[in-house]
Ligand SMILES: Cc1cc2nc3c(=O)[nH]c(=O)nc-3n(C[C@H](O)[C@H](O)[C@H](O)COP(=O)(O)OP(=O)(O)OC[C@H]3O[C@@H](n4cnc5c(N)ncnc54)[C@H](O)[C@@H]3O)c2cc1C
Ligand code: SF4
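Residue numbers (my numbering), protein chains in the order written: chain A, 124 to 439; chain B, 49 to 745.
Encoded structure:
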């Protein structure tokens with residue numbers, strides 16, 4: 124492990140200033156549950172950490188519209204347990220509780236969760252090429268182990284998935300990310316926050332260097348009280364989604380008045396299934412009217428770079 | 049003391065783990081926690097190619113790193129003795145046999161500096177094409193001379209082909225199991241120091257004396273110049289049964305830098321250097337007459353080993369024990385590939401082999417239209433089915449099946465597959481037999497009566513978390529005719545009387561025999577009014593050599609209930625039940641832990657665990673616990689273990705059979721059979737992942 128400096132910021136402005144002062148080798152430190160792991164693996168080699176986990180960004184506040192403003196340093200476990208979240212946005216609470224373990228959720232922050240890196244095994248192994256880690260070095264996952272990687276929205280240079288469960292629920296809720304950067308404070312809709320890999324897979328999000336996430340704004344969505352998060356996974360707890368879906372529906376007189384659908388574990392971004400939502404609106408709320416989503420194929424693995432199934436070929 | 053000559057009975061009572069308090073308070077020290085003065089840290093460097101040669105090593109950046117003391121590799125490593133274990137010939141060659149092999153090491157003042165030095169070391173390789181994927185028609189397949197440890201690779205009796213051709217019912221199917229890695233909680237770790245030419249190692253292992261001998265051999269030292277200390281070990285599952293390269297590295301580095309040196313194997317490294325269960329491809333053919341009586345059993349196994357060392361898993365040997373049939377074939381073929389060396393993992397042989405045999409028995413039961421328990425009972429045998437004459441010392445497979453059926457509620461079971469629904473869930477139940485040999489090997493022990501009325505019993509045993517120390521205390525207490533609180537058992541040190549490793553489920557039987565004999569000898573001395581302190585010793589070599597020829601095995605029955613989500617193919621396990629006939633249970637509390645621990649690991653094998661070989665790079669890619677899934681609590685609601693009272697006086701003075709491994713045997717088949725019952729889909733390749741079931745909706 125490389126020696127690195129550690130600094131604790133007092134407030135958001137101070138954190139942004141500290142990072143700028145320290146230059147490109149510095150990183151914000153949230154709960155550290157992803158960043159520190161990546162440092163141990165040599166994937167991240169920062170020369171300084173600016174600890175933002177204790178910034179005064181730990182509040183969950185009421186918004187005038189009945190929504191919530193969630194501080195970036197709020198722990199995943201606090202957010203999941205918050206009464207307003209459980210009552211108004213059960214899908215968010217369920218998504219959080221489906222992720223990681225109790226111990227990790229007690230440490231993990233909202234900001235860090237949004238910025239956690241892919242679990243692609245090549246990304247985590249510095250002895251191997253990876254376009255996301257080392258642009259231009261290649262993507263061994265396309266021909267190699269990609270069972271849990273992207274099935275939509277991937278590119279020839281990267282087939283990674285974004286692993287967050289929380290972000291899937293947030294994108295279904297039209298959350299916005301508040302960011303403090305060089306030019307002051309701005310707000311980015313979560314739908315535009317994460318990027319598809321294209322030919323720049325090293326960029327997970329649209330953030331600029333030095334940008335600090337300060338809050339997540341959650342608008343009111345009245346029918347989110349009827350919502351859930353379904354996570355399909357290889358074991359019942361403590362594992363990432365093979366595929367997940369965050370869903371909220373507004374049903375009146377047997378008809379879908381409105382709905383929200385987002386998919387996790389399938390793409391480089393938490394995937395808002397807008398067309399499926401459109402197809403559902405105005406339809407009778409029956410099982411048959413459920414849209415046909417891009418289902419994980421159960422056939423043999425497709426070796427072409429454009430389709431990736433959840434299956435691994437036989438052998439071992 | 050002789051005054052306490054009354055019959056005490058510690059054996060059979062649920063004595064709490066003697067060192068439990070030390071462990072939960074953190075007082076118990078594990079290998080890496082020993083902190084000799086002036087200790088240095090070594091970090092191994094792993095090969096980045098799967099086959100080839102090291103051309104050169106550029107250590108300039110590493111050595112410039114503050115805190116780095118030395119870089120070790122082939123060029124400067126001391127010459128080691130040619131030993132039996134090629135995995136321990138650390139840095140003796142420039143050849144690379146598999147990706148991840150230790151090819152160099154960095155020694156530094158701190159672990160952090162060593163790691164940074166490791167990151168900066170530049171190794172240039174001459175890479176050769178590699179061959180890492182096992183297949184049934186691999187051109188390199190050969191039949192080994194023997195399979196682990198010394199069974200014939202090939203056995204044949206009668207005419208299997210003819211019997212299969214004329215069978216009223218038959219199955220001919222191929223099962224596949226992936227590679228599995230033993231993921232003990234405590235990493236493989238060693239702290240080594242040299243003192244006046246003697247080597248002392250604090251090491252995490254399954255048997256200090258055996259490790260002492262092997263390591264002494266590597267350094268060409270007489271065994272008495274080496275001492276291995278391992279009082280507490282956090283799991284091994286076979287992977288700590290033989291020394292691993294980190295022990296050699298610690299000793300070598302300590303010699304070179306003339307300071308004590310620590311090494312721990314990281315979780316990621318463990319997927320290359322500490323052994324694993326070979327993937328298997330198993331063709332099973334069974335033939336039966338119209339009543340379901342087996343006429344032929346054929347079990348053909350294909351598996352892998354490394355180019356460095358032959359390890360031939362004895363996958364078909366359980367098939368030689370389980371059922372009667374006049375025509376029999378069991379055979380193993382190996383391919384030496386450019387892969388890490390496989391090794392022992394909990395119930396090597398029985399575990400993967402019984403997945404195939406017991407799945408095939410379920411398929412045969414369906415083909416014959418017979419209840420799977422009845423099919424097994426019908427084909428039970430009281431003599432070794434291979435030689436047709438050696439009696440079992442005891443064998444109660446059928447008792448286990450019947451008792452389990454009763455407890456599990458088997459009688460109400462409708463055999464029709466795929467018909468029980470509970471909402472989205474498909475529900476099913478399955479059964480499989482289990483077995484594990486009851487071995488025993490020679491050991492030495494001593495017993496000492498102190499003047500204060502207490503006793504000290506010493507034996508070079510290992511407690512790898514099993515409760516061995518506690519069981520041996522109970523055994524000693526009974527043998528001495530005293531209460532357990534007056535007995536202190538010392539284990540985990542090669543300086544103690546020599547005893548074998550905790551492996552092959554024979555620890556307690558082997559060490560226990562020696563302990564009983566030493567205690568008996570001591571009692572004889574005390575009866576002769578020996579002066580205190582008095583001491584006696586025992587060596588069981590002769591006793592074990594002279595034991596009668598018997599087939600000695602434990603048996604069991606595994607029951608599983610599963611629920612399969614018809615939308616997603618996810619499998620959950622509401623119930624697992626194992627019933628075992630394994631002689632006398634010495635400590636029901638620790639025994640239960642062994643059984644349910646084994647069953648849990650069997651469930652992991654059935655549903656979650658899988659080491660994924662990357663064909664392009666030649667390594668197992670999912671090398672941490674976020675990617676290599678072991679079961680979580682949420683996967684199973686109830687795991688129960690029960691056992692029958694089994695009297696067997698042809699085993700050992702305790703009347704016990706080994707219980708460390710039998711729990712894992714048959715579990716995967718019971719679950720796979722239950723999945724078939726739930727869904728109608730037979731999954732013949734483990735693990736039973738959701739994508740292998742998703743079509744069942
Ligand atoms: C074994 C394991 C299993 C897991 N399983 C799941 C799972 O099932 N589902 C799931 O969703 N997640 C899972 N996780 C991931 C976990 O949710 C993330 O590690 C966690 O949310 C990251 O939050 P953190 O605060 O610890 O981030 P850190 O590790 O501190 O930081 C992550 C990144 O965010 C940056 N960062 C942190 N805070 C800010 C900020 N305010 N502004 C700008 N940048 C910031 C850091 O610089 C770093 O690049 C798992 C993790 C582990 C280790
Ligand atoms: S999928 Fe993306 S993260 Fe994974 S190896 Fe390819 S480029 Fe790297």
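All C-beta atoms, glycine included, are put in the ideal place defined by N, C-alpha and C.
What residues of chain A sit near residue i, judged by a beta carbon separation below 7 angstroms?
i: residue 167 (chain B); result: 165
i: residue 680 (chain B); result: 358, 359, 360 and 361
i: residue 677 (chain B); result: 357, 358 and 362
Hey, could you find the ends of the alpha helix (DSSP H) residue i is sitting in?
i: residue 149 (chain A); result: Unbroken run through residue 149 (chain A) is the beta strand (DSSP E), 149-152; no alpha helix (DSSP H).
i: residue 61 (chain B); result: Note, residue 61 (chain B): premise wrong, no alpha helix (DSSP H); not H, not E.
i: residue 440 (chain B); result: Unbroken run through residue 440 (chain B) is the beta strand (DSSP E), 440-442; no alpha helix (DSSP H).
i: residue 420 (chain B); result: 420-426
i: residue 228 (chain B); result: Counting along the chain, residue 228 (chain B) falls outside any alpha helix (DSSP H), and DSSP gives it neither H nor E.
For residue i, which residues in the same chain have their Cβ closer than 6 angstroms to its Cβ, ignoring the five residues on either side in sequence?
i: residue 418 (chain A); result: In this prediction, residue 418 (chain A) has a pLDDT of 45, which is less than 50 and means its spatial position is unreliable; what the coordinates show is noted afterwards. Nothing listed; no residue qualifies.
i: residue 608 (chain B); result: 478, 624, 718, 719 and 722
i: residue 52 (chain B); result: The predicted model places residue 52 (chain B) with a pLDDT of 41, which falls under 50 and marks its position as unreliable; any figure quoted below should be read in that light. So the list reads 529 and 530, once near-sequence residues are dropped.
Residues of chain B with CB closer than 7 angstroms to the CB of residue i, please, in chain order.
i: residue 125 (chain A); result: 164
i: residue 389 (chain A); result: What residue 389 (chain A) touches in chain B: nothing, since even the nearest Cβ is about 14 angstroms away.
Name the two residues that bound the continuous beta strand (DSSP E) containing residue i.
i: residue 243 (chain B); result: 237-243
i: residue 246 (chain A); result: Here residue 246 (chain A) belongs to no beta strand (DSSP E), and DSSP marks it neither H nor E.
i: residue 604 (chain B); result: 599-613
i: residue 691 (chain B); result: 684-691
i: residue 71 (chain B); result: Not the beta strand (DSSP E): residue 71 (chain B) falls in the alpha helix (DSSP H), residues 68-72.
i: residue 546 (chain B); result: Element bounds for residue 546 (chain B): n/a, residue is neither H nor E.
i: residue 384 (chain B); result: 375-385
i: residue 702 (chain B); result: Counting along the chain, residue 702 (chain B) falls outside any beta strand (DSSP E), and DSSP gives it neither H nor E.
Counting only the same chain and skipping the five closest in sequence on each side, list residues whose C-beta sits under 8 angstroms from that of residue i.
i: residue 37 (chain B); result: There is no way to answer for residue 37 (chain B), as the model of chain B reaches only from 49 to 745.
i: residue 736 (chain B); result: 619, 654, 655, 719, 720 and 723
i: residue 186 (chain A); result: 192, 340, 341, 342 and 343
i: residue 318 (chain A); result: 326, 327, 328, 329, 391 and 392
i: residue 143 (chain A); result: 305 and 333
i: residue 470 (chain B); result: 611
Quick one: list the residues of chain A neighbouring residue i, beta-carbon separation under 9 angstroms, in chain order.
i: residue 670 (chain B); result: 244 and 268
Looking only at its own chain, which residues have a Cβ that is under 7 angstroms from the Cβ of residue i, when we skip the five neighbours before and after it?
i: residue 362 (chain B); result: 195, 196, 199, 396 and 397
i: residue 359 (chain B); result: 196, 353, 389, 390 and 391
i: residue 239 (chain A); result: 157, 286 and 287
i: residue 347 (chain A); result: 211, 212, 214, 296 and 371
i: residue 534 (chain B); result: 501, 502 and 503
Could you work out which residues of chain A lie near residue i, taking near to mean beta carbons separated by less than 8 angstroms?
i: residue 665 (chain B); result: 251, 263 and 267
i: residue 170 (chain B); result: Simply none; closest approach about 13 angstroms.
i: residue 317 (chain B); result: None at all; the shortest Cβ gap to chain A is about 12 angstroms.
Give the residues of chain B in contact with residue i, contact being defined as C-beta atoms less than 9 angstroms apart.
i: residue 355 (chain A); result: 613, 615, 616, 617, 618 and 738
Residues of the stretch 236-264 of chain A with Cβ closer than 9 angstroms to any Cβ of chain B, in chain order: 242, 244, 245, 247, 248, 249, 250, 251 and 263
What residues in the stretch 357-385 of chain A bring their beta carbon closer than 9 angstroms to a beta carbon of chain B? 357, 358, 359, 360, 361, 362, 363, 365 and 366
Output, in sequence order along the chain, the residues in the stretch 272-287 of chain A whose CB is closer than 8 angstroms to any CB in chain B. none
If contact is defined by three or more beta carbon pairs under 8 angstroms, each pair taking one atom from either stretch, is the stretch 294-312 of chain B in contact with the stretch 261-277 of chain B? yes
Please identify, using Cβ separations under 7 angstroms, the residues of the stretch 603-629 of chain B that lie next to chain A, in order along the chain. 616, 618 and 620
When the Cβ atoms of the stretch 236-250 of chain A are set against those of the stretch 276-286 of chain A, are three or more pairs found closer than 8 angstroms? yes
Do the stretch 144-161 of chain A and the stretch 216-234 of chain A make contact, defined as three or more Cβ pairs closer than 8 angstroms? yes
Whether or not the stretch 338-356 of chain B and the stretch 376-387 of chain B are in contact is what I'm after, with contact meaning three or more pairs of Cβ atoms, one per stretch, closer than 8 angstroms; do they touch? yes
Three or more beta-carbon pairs under 8 angstroms between the stretch 152-168 of chain B and the stretch 114-124 of chain B, yes or no? yes
Pairing CB atoms from the stretch 697-707 of chain B with CB atoms from the stretch 448-458 of chain B, are three or more of them under 8 angstroms? no
Beta carbons nearer than 7 angstroms to chain A: which residues of the stretch 93-113 of chain B have them? 96
Check whether the stretch 192-211 of chain A and the stretch 363-383 of chain A are in contact - that is, three or more C-beta pairs closer than 8 angstroms. no
Is it the case that the stretch 267-281 of chain B contacts the stretch 562-569 of chain B, given that we only count it when at least three CB pairs across the two stretches are under 8 angstroms? no
Check whether the stretch 414-432 of chain B touches the stretch 570-587 of chain B, counting contact only when three or more Cβ pairs, one atom from each stretch, lie closer than 8 angstroms. no
With contact counted as at least three CB pairs below 8 angstroms, one residue from each stretch, are the stretch 131-141 of chain A and the stretch 174-181 of chain A in contact? yes
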